[in-house]
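Just below is one structure, and these are the notes that go with it.
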Amino acid sequence: MENKEISQAVIARLPRYFRYLGELKDEGIERISSQELSDIMKVTASQIRQDFNNFGGFGQQGYGYKVDFLYEEIGRILGLDRTHKMIIIGAGNLGQALANYMNFERRGFLFKGIFDNNPELWGRKIRAMEVKPMEEMEEFVKENEIDIAVLTIPKASAASVSERLARTGIRGIWNFAHVDLCVPEEIQVENVHLSDSLMKLIYNINSLDDDGRK
Ligand code: NAI
């Protein structure tokens, strides 16, 4: 199936569909109606149908969706049927936590290297990787055909490091530094701000009245 231009709003919902379908699959459920999926996911059935129509529907009238097929297909659309090689830049608290999180590998995201400019960290082992100096970064990216760099460095260093990355031919940056990066448009940047999610939580807590109602 050809991928037509899909809105970012739909793409943002696909990982959640993928996650729920993965759980249904693990539970041995073979098919599901949009209404049942709607009840589990708390998304309207019409939203689900509309989202899936972007990719040709997937469903059969009166039968619902085949969980296995839908899971595979959404995974394929997201690009999870391939492996992606990644490096981490910044081997501090966050960089090490991400490097130690094993579940990325299950989805085909493979950490190949971790870099830092602090000589005290060079050679330190984080799982199978040794922290390497930044001087080795460019060559490593090219030699290992790295697709994605994870930036877990302070914002003051993010601009210069992303400029260096742009020259290596990297395809994506998963940016945890609290700054918007300026990179050529062929490099995709996904910014992550955990505090945004926390602020949303606190807004929702504060918007409840004294009886706990919205
Ligand atoms: P950290 O201080 O433990 O680690 C930062 C590491 O980056 C250090 O090891 C340092 O040597 C290294 N570094 C600094 N400049 C570098 C450069 N030019 N090249 C290579 N390595 C360099 O800090 P932590 O807690 O790991 O946080 C990292 C960054 O991520 C911070 O800027 C923090 O504000 C941000 N952060 C963002 C979050 C988010 O949700 N976006 C959540 C938590 C932290």
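Residue numbers (numbering that gives the first Met the number 0): 0 to 213. The C-beta atom is built at its ideal place from N, Cα and C for all residues, glycine as well. The structure presented is a predicted model; accordingly, all values stated were derived computationally and were not measured.
Should residue i go down as buried or exposed, given a rule of 16 or more other Cβ atoms within 10 Å for buried?
{"i": "Met198", "result": "exposed"}
{"i": "Ile204", "result": "exposed"}
{"i": "Tyr202", "result": "exposed"}
{"i": "Ile145", "result": "buried"}
{"i": "Asp25", "result": "exposed"}
{"i": "Ser206", "result": "exposed"}
{"i": "Tyr16", "result": "buried"}
{"i": "Ser196", "result": "exposed"}
State the Cα-Cα distance for the pair residue i and residue j, rounded to the nearest angstrom.
{"i": "Met0", "j": "Gly211", "result": "Low local confidence applies: a pLDDT of 45 at Met0 is under 50, so the model's placement there is unreliable, with the coordinate-based value given in what follows. Approximately 47 Å between the Cα atoms of the pair."}
{"i": "His177", "j": "Met85", "result": "20 Å"}
{"i": "Leu36", "j": "Ala44", "result": "7 Å"}
{"i": "Gly61", "j": "Lys41", "result": "21 Å"}
Is the Cβ-Cβ distance between residue i and residue j less than 8 Å?
{"i": "Lys124", "j": "Gly168", "result": "no"}
{"i": "His192", "j": "Ile147", "result": "no"}
{"i": "Val214", "j": "Ile87", "result": "Nothing can be reported for residue 214, as the shown portion of the chain is limited to 0 through 213."}
{"i": "Gly55", "j": "Arg30", "result": "no"}
Using three-state DSSP, classify residue i as helix, strand or coil.
{"i": "Arg18", "result": "helix"}
{"i": "Arg81", "result": "coil"}
{"i": "Arg75", "result": "helix"}
- Along the chain, which unbroken stretches of the alpha helix (DSSP H) at least 4 residues long are found entirely within the stretch 177 to 213? With a minimum length of 4 residues, the continuous alpha helix (DSSP H) runs that stay inside the stretch 177 to 213 are 193 to 205.
- Message: Could you tell me which whole alpha helix (DSSP H) segments of length 4 or greater appear in the stretch 90 to 159?
- Response: Runs of the alpha helix (DSSP H) spanning 4 or more residues and lying entirely within the stretch 90 to 159 occur at 92 to 99, 102 to 105 and 136 to 142, in chain order.
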